[in-house]
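As structure tokens, the structure follows; a few thoughts come after it.
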Amino acid sequence: MAKKKIWVACGNAVASSTMAAHTLKRMCEERGLDIEIEEIAFHNIGGKSTRPDLLISLAPGVDTSTYSNLKNVPVIMGLAFITGVNKDDVMNEVEEILRDRKEV
157 MAKKKIWVAC GNAVASSTMA AHTLKRMCEE RGLDIEIEEI AFHNIGGKST RPDLLISLAP
217 GVDTSTYSNL KNVPVIMGLA FITGVNKDDV MNEVEEILRD RKEV
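Everything in the sequence shown is counted per the working numbering, starting at 157 for the first residue and increasing by one.
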């Protein structure tokens, strides 16, 4: 599997996304997933010239249709990577998406 890009998005890309990204990175390494994680603020998504293989949102209701660089990019709620509640279930979903995802 080629290296996959994951964006972890929150309000300011400071505390919440950093905590979630740390947990996500550790869990991906444990499962042998080759990933690159970028923490990003929601208001910076539209200005990016690149696109991720997966967007992990730390807030509900992200409208990906407003961002051309998120067309056909799956979005997962990632609060589990902060709270620990259902973390393994969410990680299973992340792994399934990344393993099935074609190059973007």
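We put the beta carbon where it would ideally sit given N, CA and C, even for glycine.
In terms of Cβ geometry, Val-246 and Ile-232 form a close pair [threshold 9 angstroms]. Ala-236 has its alpha-carbon roughly 19 angstroms from the corresponding atom of Phe-198.
Counting other Cβ atoms within 10 Å of its Cβ, Ser-172 reaches 16 or more and is therefore classed as buried. Shown here, Leu-214 sits in coil according to DSSP, grouped into three states, outside any helix or strand.
In this structure Trp-163 is in contact with Glu-194, their Cβ atoms being roughly 5 angstroms apart against a cut-off of 8 angstroms.
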